[in-house]
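Peer 1:
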Amino acid sequence: MICYFFEEPIYFLFSSDVPDLLYYSHIPAAVIAIIVGLFIFLNDRNALLNRLLFSICILFSGWAFLNLIAWTNIHSDILTFIWPYFGAISALLSIFSVYFVYVFTKKHDVPVLVKTIFLMLLAPVLILAPTWLNLSGFNIANCDAYGYENIIFKTYYVLLGILGMIWIFCLLIQSYITAIGKFRQQIILMGLGIELFLFLFFTMTFLASYLAGFGLIEDSNIEMYGLFGMTAFMIFIGILIVQFKAFNVKILAAQALLISLVILISSEFFFVDTTANKVLVGVTLLGTFIGGYFLVKSVKREVEQRERIEKLAKDLGLANKRLKELDKMKSEFVSIASHQLRSPITSIRGYVSMLLEGSYGAFPDKAHEVLEHVAESSKYMASSIEDYLNVSRIEAGTMKYEISNFDLKEQVESVVDELLPIAKQRGLSLLFHNESNIETTVKADVGKTRQVIMNFIDNALKYTKEGGVTVAIHSDIKKKKTWITIEDTGVGMSKETLEQVFEKFVRAKNANDVNTTGTGLGLYVAKMMISGMGGRVYATSKGEGHGSTFYIEYPLI
Amino acid sequence: MKTLQKYFFVIILLLLVVFSVSMSFVRFFVSYDYMVSYETDCNPETHSCFIGCEDDDCVDEYYYAVIEKYAKQLRQQCGKNIIGCESAETCQIADGNRCSIEYCDGEVEENVCTNDYVVPKYKI
Chain A
2 MICYFFEEPI YFLFSSDVPD LLYYSHIPAA VIAIIVGLFI FLNDRNALLN
52 RLLFSICILF SGWAFLNLIA WTNIHSDILT FIWPYFGAIS ALLSIFSVYF
102 VYVFTKKHDV PVLVKTIFLM LLAPVLILAP TWLNLSGFNI ANCDAYGYEN
152 IIFKTYYVLL GILGMIWIFC LLIQSYITAI GKFRQQIILM GLGIELFLFL
202 FFTMTFLASY LAGFGLIEDS NIEMYGLFGM TAFMIFIGIL IVQFKAFNVK
252 ILAAQALLIS LVILISSEFF FVDTTANKVL VGVTLLGTFI GGYFLVKSVK
302 REVEQRERIE KLAKDLGLAN KRLKELDKMK SEFVSIASHQ LRSPITSIRG
352 YVSMLLEGSY GAFPDKAHEV LEHVAESSKY MASSIEDYLN VSRIEAGTMK
402 YEISNFDLKE QVESVVDELL PIAKQRGLSL LFHNESNIET TVKADVGKTR
452 QVIMNFIDNA LKYTKEGGVT VAIHSDIKKK KTWITIEDTG VGMSKETLEQ
502 VFEKFVRAKN ANDVNTTGTG LGLYVAKMMI SGMGGRVYAT SKGEGHGSTF
552 YIEYPLI
Chain B
817 MKTLQKYFFV IILLLLVVFS VSMSFVRFFV SYDYMVSYET DCNPETHSCF
867 IGCEDDDCVD EYYYAVIEKY AKQLRQQCGK NIIGCESAET CQIADGNRCS
917 IEYCDGEVEE NVCTNDYVVP KYKI
């Protein structure tokens with residue numbers, strides 16, 4: 002039978018007897034749901050979560066499509082055939098939403114018992130939907146189905162919807178409490194999306210018609226607003242995908258934005274009436290699509306580059322970690338080896354010293370000269386071993402400092418006095434100036450501080466051919482610090498050398514011109530020792546051939 | 817067996833859906849097993865009729881009663897379209913007890929009737 006008061010729709014769905022909002026609320030929401038659902042499903046067909054989301058999207062789109070037919074069609078047999086399934090689909094939507102949230106939060110399939118409960122809840126709806134109990138007749142005048150006792154079914158659908166929302170809420174709360182990190186944010190987003198969708202869908206569609214049936218509300222057209230809930234849900238799904246790569250989908254924000262823009266502009270076709278406006282919307286759509294395509298392509302390229310760099314950085318981090326492990330192993334090896342070498346070299350030095358002092362009788366001058374070479378080399382070797390041992394201790398964090406309060410000036414003066422004969426022997430001047438007018442008491446290890454000062458002055462003497470070395474002590478009461486300067490007229494350093502001079506195994510390029518020995522560890526050890534005692538060392542130079550100045554700085558107490 | 821256990825939810829659900837849709841198809845497309853109600857002519861001089869409007873401003877009125885018939889009978893009597901079908905306007909003997917005409921009941925608040933007396937529901 003045909004509803005004689007109404008016009009036959011064009012293309013099965015389009016009728017002038019329906020409100021404009023109908024198409025805007027139904028078609029874009031259904032299309033978005035299908036696109037998102039299909040995209041996620043195709044991305045990983047075997048993932049249960051993806052399949053469940055796709056099922057929800059299909060059910061929703063099916064509901065929207067049938068609802069459009071119900072609004073526009075005028076054939077009683079078609080309308081009575083589809084009418085019972087609004088309730089059935091809404092019941093399925095409710096149960097599938099619970100199933101989906103269960104899998105999302107628990108990361109595994111629901112137990113058989115829960116599946117049985119799902120089936121028990123759905124069975125009455127599906128079995129009784131096409132019976133007289135649900136739908137008994139059709140009003141041709143209003144083009145509307147009616148039922149004798151459909152109030153029972155409506156109540157059941159609505160209760161099932163409410164049950165679904167409560168069930169989902171409980172699942173989300175339970176998971177949120179036990180979840181950690183980013184998963185908590187995902188639960189919030191998913192919870193907001195699906196609850197908003199179910200709330201709008203059930204309240205605006207079934208509850209609206211339910212209340213209208215009781216005469217409590219007049220306008221049952223508000224059911225159309227219920228479909229916007231799906232669009233909101235899909236937006237939340239989009240955020241989850243873009244931000245957290247949920248559903249194992251890799252999509253860029255730019256791609257999601259482009260899809261949204263294309264759908265939004267396309268939906269304007271349902272509003273525009275004139276051909277000119279349709280052409281304008283079409284041109285805008287085409288422009289957006291082309292511009293968006295190039296934008297997405299460019300963003301995708303940049304993201305790929307960024308991902309490559311991130312991977313390289315990760316690999317580099319791993320390599321660095323491995324290098325540190327190797328370095329530690331090397332330090333341990335050096336430490337063990339140095340300890341083994343120190344004892345014999347000490348013996349060698351002792352005996353050579355005794356030989357030179359004549360404890361074993363007189364030697365010819367030539368043998369004396371050779372013995373002096375042996376003494377010098379063994380001294381250098383002992384010093385190198387000490388450097389290696391210090392480096393090992395520093396890197397292993399086992400360097401011990403005996404901290405006490407002492408006057409830095411006194412120690413500097415003492416070291417200078419000690420090294421004065423060596424300076425004279427080399428034909429160099431070694432001067433000391435006290436530039437501090439206050440006490441220079443510092444809190445540090447006296448022995449190690451002396452060792453560093455001696456090392457710096459000795460270095461300065463080694464790398465100076467003519468002229469001399471000036472040592473001075475300064476202090477600044479306002480900044481509460483004191484510092485020693487060791488200024489020489491030696492080979493100097495280039496800018497590049499200055500940047501690396503305190504690093505391990507680094508020697509100035511011109512260092513060998515003056516002093517062929519040296520491990521390149523002395524300055525590194527000095528720097529680490531002083532910083533270990535709360536001070537700092539640094540150096541300046543006006544360039545190669547213009548001398549250098551080394552600084553040892555301590556805080557005053 | 818394991819596969820059956822794994823997919824029992826989907827299998828039973830699909831069986832339920834197929835059963836339900838088949839039942840619906842048979843009932844509404846094959847058996848026409850439902851009632852159809854529509855407006856039929858009513859004489860305000862003999863019956864309490866509903867008052868309908870021909871246009872939005874309700875300048876032109878018309879009078880009608882609501883007839884409810886079994887869809888299968890109606891389809892046999894008039895085919896797909898009841899416009900111009902005389903058998904559709906009244907209850908026929910062939911309709912049995914599955915046909916009724918409802919006249920306007922003035923006691924129902926929202927009803928606009930030609931007479932304000934209570935008219936019982938006639939059944940053949």
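Protein chains in written order, with my numbering: chain A, 2 to 558; chain B, 817 to 940. Yeah, the Cβ is synthetic: ideal placement off N, Cα and C, and Gly gets one too. What you are looking at is a predicted structure, and each value in this text was computed from that prediction instead of being measured.
#1: Give me the subset of the segment 830-860 of chain B whose CB atoms are less than 9 Å from a CB atom of chain A, sorted by chain position.
#2: For leucine 50 of chain A, which residues of its own chain have a beta-carbon under 8 Å away from its beta-carbon, when the five flanking residues on both sides are left out?
#3: Is the Cβ of valine 113 of chain A closer than 9 Å to any Cβ of chain B?
#4: Please list the terminal residues of the continuous alpha helix (DSSP H) segment that includes threonine 483 of chain A.
#5: Got a sec, what are the start and stop residues for the beta strand (DSSP E) cysteine 869 of chain B sits in?
#6: Would you mind working out which of A/Ile70, A/Phe42, A/Ile11 and A/Pro10 sits nearest histidine 27 of chain A, comparing C-alpha positions?
#7: With which residues is lysine 155 of chain A paired in a DSSP beta bridge?
#8: Find the residues of chain A that neighbour glutamate 884 of chain B, judging by a C-beta separation of less than 8 Å, and give them in chain order.
#9: CB-CB under 7 Å to glutamate 224 of chain A, same chain, minus the five flanking residues each way: which ones, in chain order?
#10: Please report how far the alpha carbon of threonine 307 of chain A lies from the alpha carbon of phenylalanine 40 of chain A, in whole angstroms.
#11: Indicate whether at least one CB of chain A lies closer than 9 Å to the CB of isoleucine 867 of chain B.
#12: Under a CB-based cut-off of 9 Å, is serine 77 of chain A close to chain E?
#13: Tyrosine 381 of chain A to glycine 182 of chain A, Cα distance in whole Å?
#14: Pull up the DSSP beta-bridge partners for proline 556 of chain A, would you.
#15: In this structure, does DSSP put isoleucine 940 of chain B in helix, strand or coil?
#16: Name the residue from A/Phe202, A/Ser267 and A/Leu173 whose alpha carbon lies nearest to the alpha carbon of glycine 192 of chain A.
#17: According to DSSP, is histidine 109 of chain A part of a helix, a strand, or is it coil?
#18: Is phenylalanine 198 of chain A buried or exposed, if buried means 16 or more other CB atoms sit within 10 Å of its CB?
#19: Would alanine 887 of chain B count as contacting chain A if we go by Cβ distances under 9 Å?
#20: At a cut of 8 Å, does the segment 408-423 of chain A reach the segment 348-362 of chain A through at least three beta carbon pairs?
#21: Under the rule that 16 or more other beta-carbon atoms within 10 Å means buried, what is alanine 320 of chain A, buried or exposed?
#22: Please report the Cβ distance between cysteine 920 of chain B and serine 864 of chain B, rounded to the nearest whole angstrom; I am assuming they are in contact, meaning their Cβ atoms lie under 8 Å.
#23: Quick one: what's got a C-beta closer than 6 Å to isoleucine 485 of chain A's C-beta in the same chain, skipping five residues either side?
#24: Does chain A have any CB closer than 9 Å to the CB of isoleucine 917 of chain B?
#25: Spatial neighbours of valine 335 of chain A within its chain, please: CB distance less than 6 Å, with the 5 preceding and 5 following residues excluded, ordered by chain position.
#26: From what residue to what residue does the alpha helix (DSSP H) around glutamate 358 of chain A run?
#27: Run the CB neighbour count on valine 846 of chain B, radius 10 Å, all protein chains shown included, and call it buried at 16 or more, exposed below.
#28: Go ahead and pull the three-state DSSP assignment for arginine 537 of chain A.
#29: List the DSSP bridge partners of serine 62 of chain A.
#30: Among all the DSSP beta bridges, which residues are the ones paired with aspartate 857 of chain B?
#31: Cβ of proline 85 of chain A less than 9 Å from any chain B Cβ?
#32: For alanine 48 of chain A, go through chain B and note every residue whose CB falls closer than 7 Å to its CB, in chain order.
#33: Give the C-beta separation of tyrosine 850 of chain B and alanine 904 of chain B to the nearest angstrom, bearing in mind that I take them to be a contact with Cβ-Cβ under 8 Å.
#34: Please say whether phenylalanine 866 of chain B and glutamate 855 of chain B have beta carbons closer to each other than 9 Å?
#35: With leucine 14 of chain A as the anchor, note down where its beta strand (DSSP E) starts and where it stops.
Peer 2: Based on what the coordinates show:
#1: Leu832, Val833, Phe835, Ser836, Val837, Ser838, Met839, Ser840, Phe841, Val842, Arg843, Phe844, Phe845, Tyr848, Asp849, Tyr850, Met851, Val852, Ser853, Tyr854 and Glu855
#2: Here residue 50 of chain A corresponds to residue number 49 of the first sequence, with the count starting at 1. Within the same chain, leucine 50 of chain A has close Cβ partners Phe101, Val104, Phe105 and Phe248.
#3: For the purposes of this step, residue 113 of chain A is identified with residue 112 of the first sequence, where counting begins at 1. Yes, because at least one Cβ of chain B sits closer than 9 Å to the Cβ of valine 113 of chain A.
#4: Residue numbering aside, residue 483 of chain A sits at position 482 when the first sequence is read from its first letter. Taken as a continuous stretch (DSSP letters only), threonine 483 of chain A belongs to no alpha helix (DSSP H), being part of the beta strand (DSSP E) at 482-489.
#5: By 1-based counting over the second sequence, the position of residue 869 of chain B is 53. Run containing cysteine 869 of chain B: 866-869, per the beta strand (DSSP E) assignment.
#6: Start at 1 with the first residue of the first sequence, and residue 27 of chain A comes out as number 26. For histidine 27 of chain A, the nearest C-alpha among the options comes from A/Ile70.
#7: Against the first sequence, residue 155 of chain A aligns to sequence position 154. In DSSP, lysine 155 of chain A forms no bridge with anything.
#8: On the second sequence, residue 884 of chain B is found 68 positions in, with the first residue counted as 1. Residues of chain A passing the Cβ test: Gly138.
#9: As a first step, residue 224 of chain A must be located in the first sequence, where it is residue number 223. Counting only Cβ-Cβ distances below 7 Å, and skipping sequence neighbours, we find Met205, Thr206, Ala209 and Ser210.
#10: Taking the first sequence and counting its residues from 1, the one referred to as residue 307 of chain A is at position 306. Taking the first sequence and counting its residues from 1, the one referred to as residue 40 of chain A is at position 39. Sequence check: residue 307 of chain A is arginine here, not threonine. Answer to the nearest angstrom: the Cα atoms are 25 Å apart.
#11: Against the second sequence, residue 867 of chain B aligns to sequence position 51. It does not: the Cβ of isoleucine 867 of chain B has no partner Cβ on chain A nearer than 9 Å.
#12: Of the chains in the structure shown, none is chain E; the protein chains are A and B.
#13: As a position in the first sequence, residue 381 of chain A is number 380, starting the count at 1. As a position in the first sequence, residue 182 of chain A is number 181, starting the count at 1. Between tyrosine 381 of chain A and glycine 182 of chain A, the C-alpha separation is close to 57 Å.
#14: Within the first sequence, the letter at position 555 stands for residue 556 of chain A. In DSSP, proline 556 of chain A forms a bridge with A/Lys482.
#15: Residue mapping note: residue 940 of chain B aligns to position 124 of the second sequence, counting from 1. Summary for isoleucine 940 of chain B: the model assigns pLDDT 42, below 50, so the residue's position carries little reliability; its value from the coordinates is reported in the next sentence. Of the three classes helix, strand and coil, the one that applies to isoleucine 940 of chain B here is coil, per DSSP.
#16: Within the first sequence, numbered from 1, the residue matching residue 192 of chain A stands at position 191. Taking only the C-alpha atoms, the option nearest glycine 192 of chain A is A/Leu173.
#17: In the first sequence, the residue the question calls residue 109 of chain A occupies position 108. Here histidine 109 of chain A sits in coil by DSSP.
#18: Here residue 198 of chain A corresponds to residue number 197 of the first sequence, with the count starting at 1. By the neighbour-count rule (16 or more Cβ atoms within 10 Å), phenylalanine 198 of chain A is buried.
#19: The sequence position of residue 887 of chain B within the second sequence is 71, counting from 1. Chain A, which has a Cβ nearer than 9 Å to the Cβ of alanine 887 of chain B, makes this yes.
#20: no
#21: Taking the first residue of the first sequence as 1, we reach residue 320 of chain A at position 319. Exposed: under 16 other Cβ atoms inside 10 Å.
#22: Taking the first residue of the second sequence as 1, we reach residue 920 of chain B at position 104. Taking the first residue of the second sequence as 1, we reach residue 864 of chain B at position 48. The Cβ separation is near 5 Å, so the contact holds.
#23: On the first sequence, residue 485 of chain A is found 484 positions in, with the first residue counted as 1. Within the same chain, isoleucine 485 of chain A has close Cβ partners Val413, Ile474 and Ile553.
#24: By one-based count along the second sequence, residue 917 of chain B stands at place 101. Not closer than 9 Å to any Cβ of chain A, the Cβ of isoleucine 917 of chain B fails to qualify, so no.
#25: Within the first sequence, residue 335 of chain A is the residue found at index 334, counting from 1. Counting only Cβ-Cβ distances below 6 Å, and skipping sequence neighbours, we find Tyr389 and Ser393.
#26: On the first sequence, residue 358 of chain A is found 357 positions in, with the first residue counted as 1. Segment 276-358, the alpha helix (DSSP H) holding glutamate 358 of chain A.
#27: Numbered from its first residue, the second sequence carries residue 846 of chain B at position 30. Per the 10 Å Cβ criterion, exposed.
#28: As a first step, residue 537 of chain A must be located in the first sequence, where it is residue number 536. In this structure, arginine 537 of chain A counts as strand in the three-state DSSP scheme.
#29: Taking the first sequence and counting its residues from 1, the one referred to as residue 62 of chain A is at position 61. Per DSSP, none; premise fails for serine 62 of chain A.
#30: Start at 1 with the first residue of the second sequence, and residue 857 of chain B comes out as number 41. Bridge partners of aspartate 857 of chain B: B/Tyr880.
#31: Numbered from its first residue, the first sequence carries residue 85 of chain A at position 84. Taking Cβ atoms only, chain B reaches closer than 9 Å to proline 85 of chain A, which makes this a yes.
#32: Residue numbering aside, residue 48 of chain A sits at position 47 when the first sequence is read from its first letter. Ordered by position in chain B, no residue passes the 7 Å Cβ test against alanine 48 of chain A, which lies about 15 Å from the chain.
#33: On the second sequence, position 34 is the one that residue 850 of chain B refers to. On the second sequence, position 88 is the one that residue 904 of chain B refers to. The pair is not a contact, with the Cβ atoms about 16 Å apart (cut-off 8 Å).
#34: Taking the second sequence and counting its residues from 1, one reaches residue 855 of chain B at position 39. Taking the second sequence and counting its residues from 1, one reaches residue 866 of chain B at position 50. Going by C-beta atoms, glutamate 855 of chain B is nearer than 9 Å to phenylalanine 866 of chain B.
#35: By 1-based counting over the first sequence, the position of residue 14 of chain A is 13. Run containing leucine 14 of chain A: none; DSSP gives neither H nor E here.
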